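Note sheet for the following structure.
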Amino acid sequence: MLRNTFLRTLYEQWRGIIWWSVGLISYCLVMALFYPSIRSARVALEQYMQAMPEGFRAAFMGEIADISSPEGYLTAEIFSFMMPIMVLVYAIGVGSNAIAGEEERGTLDLLLANPIGRARIVLEKGAALLVSTTALMFFLFIGLVLGAGAGDMHIGWWPLARGALALGLLAIAFGYLALGIGAATGSKGLARSVSAIVATGAYVLNAFAPTVQQLQPYQRLSLFYYYIGKNPLVQGIDPLHAGVLLLCAALCLVAGLAAFERRDLAV
Amino acid sequence: MQEDVIVAQDLTKYYGRSRGVLGLSFTVRRGEVFGFLGPNGAGKTTTIRLLLDFIRPTSGRVFLFGLDSRVDGAQIKRRVGYLPGELSLYEGLTGRRLLQYFAHLRGGVQWQKVEALAARLDCDLSSPIKNLSQGNKRKVGLLQALMHEPELLVLDEPTNGLDPLVQQEFYGLVAEAKARGATIFLSSHNLPEVERICDRVGVVREGKLVAIEEVAALKGRAFRTVEVHFAGAAPCEPFEGLPGVRLLSCHGNTLRCQVEGSMDALVKALAQFTVLDIRTHEPSLEEIFLAYYGGGTENAA
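The listed protein sequences derive, respectively, from chains V and D.
First residue of the first sequence: 327, per my numbering; consecutive thereafter.
First residue of the second sequence: 855, per my numbering; consecutive thereafter.
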C-alpha cells in the first residue's frame, strides 16, 4: 500500500534499484576475476606503477601503497574512480528528480493539493533517497563479498562494508545537493548539471591536491577528501570525516527545503 | 458557520514584469457555484493557483473558510478538492493505487464510495495510468477531487477533454455536490457551460475582473432576437423607433430585431400585417456579455 510519499517514491524506484544493483554487482565480479592475474604479475606491475606519472596515478588509482594487495586493488579499480562515478550518477539522478522532476512533469500540483506541507514532501523524498542509496550500497557490499570470494582475495567483510558505507555517505551528500537545488529552483537540468560539476570539481581537487602544490591547501574543501582521504578499506572510517559528509547532506536538504517553502511552483 | 468560503482581497500577481492578475477582489459564498470566465491567458489559472497557495501573490491576500491561505495550507486543503486544468498523474501507477495513495494522504476517505463513483463514471482503475485515454485520465482526476466529499471544489476547466456523455455525468456530480452543501469555484472559457451550472459568474479579462453578476439577473436583463417572416415584402418604417426595439435587418420578406423588456410594442405593430412566422431566441450569456462589455474577448493575450 502506498501510504505516503516516501513509500510511493520507493515503489516507483524499485525496478531501477534492482537494475542498478545488478550492474554494480556485475562490475565487482568482473573486476575481482582479474585479481589473481594482477597478483601474480606483482613485480612487473609495481615497476609499471612506479613508471607512471605521479599525478596520473594519484588521480585514477588513489593513493595506494600496493596495488597487488586486495585492499589496494579494490581501492584502485573500484573505490577511487569507477564506483564513485556510477553511484553519484545514481544519487544525483534520483536527487534532482525528487522535487524538480515531479514539478516538471506537473504532478506536484496534485500532490500539494493534499493536506501535507511542502516541507514534509521534501523530507519524505529525502528519506526515500537515503533508503534507496542504502539498498544500493548493500548490494554493492554483496557484490564485493562475492567478488572477494571469486577472485580469491584474502580480505574480511568488514573492510568491504566500510568502503560501501563511506561511498554511501558521499552519495547521500551529492544526492541531497541535487535534491536541494531541484527543490530550490524547480529545474531538474540545473540540479543535475550543477551537482555533476561540483562532484567533478571535488574529485579533481582531491585527486590532484597531493601532487599539485597550489591545490594542497584546498583539498579539505573537497567532499571526496572526506570520503577517501583516509582510505576506508585500510584505515577505517574517521567519524569526523563521516560527520562532515552528513552535515553537508543535511545542510543541502534544509537549504533546499527552506527555499522550496518560499517560492512559486512552476505550472 | 462561515458564510464566505473564498475571499480574495486585491490580489495582484506579477511574474517578473509580466502580468498575472491585477487587483482581483471577490467573494464566493457558501453553497454557490461560481464561474470564473475568461479567454485563455486572462489569469484564471493564476487565480486558482493563488487560491491554493501554489504561488504567492505580489500583493493582496486570500482567505478560504476564513483561514489565511499562506498560513493554514494543510487545514484548508483538507476541505478542498482540486482538479487542475493541465492534469498530470503518476503515469506508472494504476488509477486505483493513485487514488488510494491520495486517500491515505487525506485520511478519512470512504473507499467503497470511491469505487462506486468510479463505476458510475465508467472509469478504469486497474490499468496503469499511462495506458489510459485522455478522457479516462480526466475521470481519475475528477475522482481524486471528489473522493473526500470536500466543502469546496476548485475546478480548472473541468470539462476540457471530457466526451459529451461524461460531461453530462459531470454536471450531475456538480449538482449533487451543490445539493450536499458544497461550494464550487470553476473556471471556464465555455459560456454555455457556465450558464448551465453557475449561480454567479465573474468575468476576467487581461488579468482584471471586469464584472461579477448573478447568472439569473444577467439573463433577466436580457434582450431577445426576433425574426418575423411576412407574407409580402417586409415593411420597415413602422418598426423604426419602437420603444425597446432595435432593428437589425429588414430585407426581402424577413425582419430581424432585438427586443429588450416587453414584447408588447412589437406585437401591436405587427398586428396590422400578414405574418407567417415569428421566431425568437433567448440570447446566450455570450451574446449578453458581448452586448454589455463591448466584445473583444478574443483580443486578450
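Don't be surprised by glycine CBs; every beta carbon is placed ideally from N, CA and C.
Being a predicted model, the structure only gives us computed values, none of them experimental.
- With respect to chain D, the C-beta atom of V:N330 has a partner C-beta closer than 8 Å.
- Bounds of the beta strand (DSSP E) holding D:V934 are V934 to L937.
- The shortest C-alpha to C-alpha distance from D:E1003 to any of D:Q988, D:E1011, D:N1044 and D:A1033 is the one to D:A1033.
- DSSP, read as helix, strand or coil, puts V:P362 in helix.
- V:P565 sits away from D:K931, with the two beta carbons spaced by 8 Å or more.
- When the alpha-carbon of V:R488 is set against those of V:K451, V:Q339 and V:F405, the nearest one is in V:F405.
- Rounded to whole angstroms, V:K514 and V:I507 show a C-alpha spacing of 8 Å.
- Sixteen is the threshold: when 16 or more other Cβ atoms of the shown chains lie within 10 Å of the Cβ of V:H567, as they do, the residue is buried.
- Collapsing the DSSP output to three states places D:Y868 in a strand.
- Legend: CB atoms of the region 334-356 of chain V lying less than 9 Å from CB atoms of chain D belong to residues R334, Y337 and E338.
- The beta carbon of V:G381 sits no closer than 8 Å to any beta carbon of chain D.
- Chain V places no beta carbon closer than 8 Å to that of D:Y1025, leaving this residue out of the contacts.
- Bounds of any beta strand (DSSP E) do not take in D:F1127, whose DSSP letter is neither H nor E.
- In this structure D:Q966 is exposed. Its beta-carbon is surrounded by fewer than 16 other beta-carbon atoms within 10 angstroms.
- Annotation note: the region 910-968 of chain D contains the following uninterrupted beta strand (DSSP E) runs of length 3 or greater, listed N- to C-terminal: 913-918 and 934-937.
- Counted as a single uninterrupted DSSP element, the alpha helix (DSSP H) harbouring D:R992 occupies residues Q988 to L1000.
- Boundaries of the alpha helix (DSSP H) around V:F500: W483 to T511.
- Assignment of V:V348 by DSSP, reduced to helix, strand and coil, places it in the helix class.
- With the rule of 3 Cβ pairs closer than 8 Å, the region 1016-1028 of chain D counts as touching the region 970-989 of chain D.
- Think of a sphere of 8 Å around the beta carbon of D:Y944: the chain V residues whose beta carbon falls inside it are R334, E338 and T433, in chain order.
- Remark: fewer than three beta-carbon pairs, one from each stretch, lie closer than 8 Å, so the region 1105-1112 of chain D and the region 1060-1071 of chain D are not flagged as touching.
- Taking the CA atoms as reference points, D:I1132 sits about 44 Å from D:Q988.
- Taking one beta carbon from each stretch, the region 566-586 of chain V and the region 490-509 of chain V have 3 or more pairs nearer than 8 Å; the two touch.
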